[in-house]
Amino acid sequence: MAAFRTCLLGAALFVPAGSCRWAAGWAYLAAYAAWSAANIILLGRSQPALLRLRETEAPPAAEAWDKAFITASTALLGATLLLCGLEGPASPFGAVSAAAFAVIIAALALFTWALLFNPFAAGAALLQPGQSAADKGPYRAVRHPVYLASILISAATPAALGSRSAFLPAVLLALAIAARTALEDRLLLRGLPGYRDYAARVPYRLLPGIW
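For the numbering used here, count along the sequence shown from 1 and bump the result up by 318.
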């Protein structure tokens with residue numbers, strides 16, 4: 319599945335670009351491929367069940383609203399990448415792009431760090447048998463570090479790839495992820511034993527000191 323997603327990402331970027339001569343596009347694809355490989359290695363050693371779980375798209379027990387989110391977010395991500403492919407190759411790679419790539423790499427690291435400390439971090443919103451609240455690693459600072467990482471990646475992608483028009487779907491995607499965070503947090507508060515106590519200890523969902 320990871321190899322298929324990498325190929326799909328490459329197609330989403332380079333087919334609209336109409337050329338393989340795009341350094342930023344290759345760097346973006348390489349970063350994703352390296353991150354996917356690192357996840358397979360690290361999760362395969364420490365969280366093999368989670369690795370298998372995350373390879374399942376929208377498990378049957380997922381909330382109906384989350385299935386709708388997955389559909390909408392896939393469309394917004396596709397639009398972001400398409401617009402990046404159309405505009406990116408003609409844009410110079412400067413300090414802004416370099417800074418955006420740094421944000422993306424840091425966010426990918428945060429994403430993996432969070433997965434290593436949460437064996438129940440499914441790719442969809444659902445309550446699992448035996449699930450407990452993760453409270454180690456990045457979960458000491460915010461309750462949803464995976465979503466924080468996803469928002470950072472979404473927001474930084476247009477700048478990294480040199481597309482102004484891609485900011486609209488990217489921002490909409492980031493807002494959708496924030497909304498998903500709020501909905502999933504309500505689900506966990508309502509149905510996950512111990513989550514209310516955890517939320518009292520860690521009051522911030524995404525941004526320490528803000529929300």
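Idealized CB from N, CA, C, for every residue including glycine.
Item, Value
"Contacting residues, own chain, Cβ-Cβ under 6 angstroms from P487 (five flanking each side not counted)", "L394, A397 and T398"
"Touching by the beta-carbon criterion (3+ pairs, under 8 angstroms), the segment 401 to 420 and the segment 438 to 454", "no"
"Where the alpha helix (DSSP H) through W383 begins and ends", "A382 to E405"
"Beta-carbon proximity check, V464 vs A439, cutoff 8 angstroms", "yes"
"Chain-order list of residues whose beta-carbon lies under 8 angstroms from that of P435 (same chain, five-residue window excluded)", "According to the sequence as given, residue 435 is Phe; it is not Pro. Within the same chain, F435 has close Cβ partners A452, K454, G455, P456 and Y457."
"Option nearest F387 by Cα separation, candidates D515, E502, R508 and P521", "E502"
"Local conformation of R482 per DSSP, three classes", "coil"
"CB of A425 within 8 angstroms of CB of I471, strictly", "yes"
"For P521, three-class secondary structure by DSSP", "coil"
"Which listed residue (C402, G336 and L368) has its alpha carbon closest to that of A477", "C402"
"In chain order, each alpha helix (DSSP H) run of at least 4 residues that lies wholly inside the segment 444 to 517", "463 to 479 and 485 to 509"
"Three-way DSSP call (helix, strand, coil) for G362 in this model", "helix"
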